[in-house]
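S.K.: Residue numbers (my numbering): 577 to 840. A virtual CB, placed ideally from N, CA and C, is assigned to each residue, including glycine. Since the model is a prediction, treat every value here as computed from it, not as a measurement. Shown below is the structure under consideration.
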């Protein structure tokens, strides 16, 4: 069973899915399962394995879903007596641990030019798994983009057929021109990506916004775009633009604030 559980965890992470591993760590008295019993739980409440069925399993599945949503491990302890929290007849007590497994942070960078390259370098250093997408073979090379986990050469309007986007995916759009940006942002807005950042001037963003409105995108959808991208801390050098972009991404990822820490 342990081997199968491990295999299912790896499969889930490879599919960009969170999964929680539930382990019974201590029992007292009569309980449905022994110490060491394992169960996997996914965000939709589906499970694999068992820690005893009935009320305890139902309750721990709900606790696991909550842990997955919060991205936090947690302990549990339940009394299995008629007077206990679950009003069960077993007569014992079960304690356990819920371990949350989260796929690696994923960043999609559309455009392998100077800014895209610097964003790649910094994002990789920060622990992101990065995919570079470009429609130009000369820019999307392993030699110039060595830190990329994946490099995809494709027209921007076809890129999303070749990548998986989840609600924990971050997207930075820095193609060579307005047309590529527009193609990519249209497809990005159809996903549940956590962050969609678009490089460019305010004039460019007015153009993109107007084009999206004409194509039927709602104000709510368009407002998902962070643009001009990044925090206002760079002098427009590619390296500083990358710091500005990744600072904004970390702000969102960690639910941070912009106060100076010395002022908090």
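(1) What residue range does the alpha helix (DSSP H) around residue 688 cover?
(2) Indicate the three-state DSSP secondary structure (helix, strand or coil) for residue 578 in the structure shown.
(3) Going by beta-carbon coordinates alone, are residue 802 and residue 773 separated by less than 8 Å?
(4) Grab the span of the beta strand (DSSP E) containing residue 760 for me, first residue to last.
(5) Please give the ranges of any beta strand (DSSP E) in the region 711-751, keeping only runs that are unbroken, at least 3 residues long and fully inside the region.
(6) Around the C-beta of residue 732, are 16 or more other C-beta atoms found within 10 angstroms, so that it is buried, or is it exposed?
(7) Can you tell me which residues form a DSSP beta bridge with residue 615?
(8) Taking the alpha-carbon positions, what's the residue 594 to residue 744 distance?
(9) With DSSP as the reference, label residue 584 as helix, strand or coil.
(10) Residue 682: which of 701, 635, 689 and 609 sits nearest, CA to CA?
(11) Whose CA, out of 671, 639 and 641, lies closest to the CA of residue 605?
(12) Under the three-state reduction of DSSP, which class applies to residue 770: helix, strand or coil?
(13) Near residue 787, which residues of its chain fall below 6 Å by C-beta distance, leaving aside the five closest residues on each side in sequence?
(14) What is the rounded straight-line gap between the Cα of residue 821 and the Cα of residue 616?
(15) Helix, strand or coil for residue 649 per DSSP?
(16) Buried or exposed: residue 623, going by 16 or more other Cβ atoms within 10 Å of its Cβ?
(17) Considering only C-alpha positions, which residue in the set 601, 602 and 618 is nearest to residue 841?
(18) Got a sec, what are the start and stop residues for the beta strand (DSSP E) residue 775 sits in?
(19) Determine whether the beta carbon atoms of residue 649 and residue 674 lie at a separation below 8 Å.
(20) So, helix, strand or coil for residue 785, using DSSP?
(21) Taking its Cβ as the centre, do 16 or more other Cβ atoms sit within 10 Å of residue 687, making it buried, or is it exposed?
(22) Since residue 716 contacts residue 747 with CB under 8 Å, what's their CB separation in whole angstroms?
(23) With distance defined between alpha-carbon atoms, name the residue in 734, 654, 613 and 620 nearest to residue 631.
(24) Ignore the nearest five residues each way along the sequence and tell me which others in residue 621's own chain have a CB closer than 7 Å to its CB.
(25) For residue 676, which residues does DSSP report across the bridge?
M.R.: Working from what's here:
(1) Taking the first residue of the chain shown as position 1, residue 688 is located at position 112. From DSSP, residue 688 is part of no alpha helix (DSSP H); its letter is neither H nor E.
(2) The sequence position of residue 578 within the chain shown is 2, counting from 1. It is helical.
(3) The sequence position of residue 802 within the chain shown is 226, counting from 1. The sequence position of residue 773 within the chain shown is 197, counting from 1. Yes, Cβ-Cβ distance for residue 802 and residue 773 is below 8 Å.
(4) One-based indexing of the chain shown puts residue 760 at position 184. Taken as a continuous stretch (DSSP letters only), residue 760 belongs to no beta strand (DSSP E), being part of the alpha helix (DSSP H) at 754-764.
(5) 726-729 and 745-749
(6) Numbered from its first residue, the chain shown carries residue 732 at position 156. With a 10 Å radius around the Cβ and a threshold of 16 neighbouring Cβ atoms, residue 732 comes out buried.
(7) For the purposes of this step, residue 615 is taken as residue 39 along the chain shown, with counting starting at 1. DSSP, once it has assigned bridges, lists 598 and 625 as partnering residue 615.
(8) Against the chain shown, residue 594 aligns to sequence position 18. Against the chain shown, residue 744 aligns to sequence position 168. Near 10 Å, if we compare the C-alpha coordinates of residue 744 and residue 594.
(9) By 1-based counting over the chain shown, the position of residue 584 is 8. DSSP places residue 584 in helix when its eight states are reduced to three.
(10) Within the chain shown, numbered from 1, the residue matching residue 682 stands at position 106. It is 701 whose Cα lies nearest to the Cα of residue 682.
(11) Taking the first residue of the chain shown as 1, we reach residue 605 at position 29. Nearest of 671, 639 and 641 to residue 605, Cα basis: 671.
(12) Here residue 770 refers to the residue found at position 194 of the chain shown. Of the three classes helix, strand and coil, the one that applies to residue 770 here is coil, per DSSP.
(13) Locating residue 787 in the chain shown gives position 211, where the first residue counts as 1. Answer for residue 787: 758, listed in chain order.
(14) For the purposes of this step, residue 821 is taken as residue 245 along the chain shown, with counting starting at 1. For the purposes of this step, residue 616 is taken as residue 40 along the chain shown, with counting starting at 1. For residue 821 and residue 616, the gap between their C-alpha atoms comes out near 36 Å.
(15) For this step, residue 649 is matched to residue 73 along the chain shown. Of the three classes helix, strand and coil, the one that applies to residue 649 here is coil, per DSSP.
(16) Taking the chain shown and counting its residues from 1, one reaches residue 623 at position 47. Answer is buried; the Cβ neighbour count reaches 16.
(17) Look at the range of the chain in this structure, 577 to 840, and you will see that residue 841 is not part of it.
(18) Within the chain shown, numbered from 1, the residue matching residue 775 stands at position 199. Counting along the chain, residue 775 falls outside any beta strand (DSSP E), and DSSP gives it neither H nor E.
(19) For the purposes of this step, residue 649 is taken as residue 73 along the chain shown, with counting starting at 1. For the purposes of this step, residue 674 is taken as residue 98 along the chain shown, with counting starting at 1. Yes, they are a contact pair.
(20) Counting from one through the chain shown, the residue named residue 785 turns up at place 209. Note: residue 785 maps to helix in three-state DSSP.
(21) Sequence index remark: in the chain shown, residue 687 carries index 111 (1-based). Buried.
(22) By one-based count along the chain shown, residue 716 stands at place 140. By one-based count along the chain shown, residue 747 stands at place 171. Going by Cβ atoms, the distance from residue 716 to residue 747 rounds to 17 Å, so no, they are not a contact pair.
(23) By 1-based counting over the chain shown, the position of residue 631 is 55. Per the Cα distances, 654.
(24) Position 45 of the chain shown holds residue 621. Closer than 7 Å at the Cβ level, and outside the excluded window around residue 621, lie 637 and 641.
(25) Taking the chain shown and counting its residues from 1, one reaches residue 676 at position 100. Residue 676 is bridged to 596.
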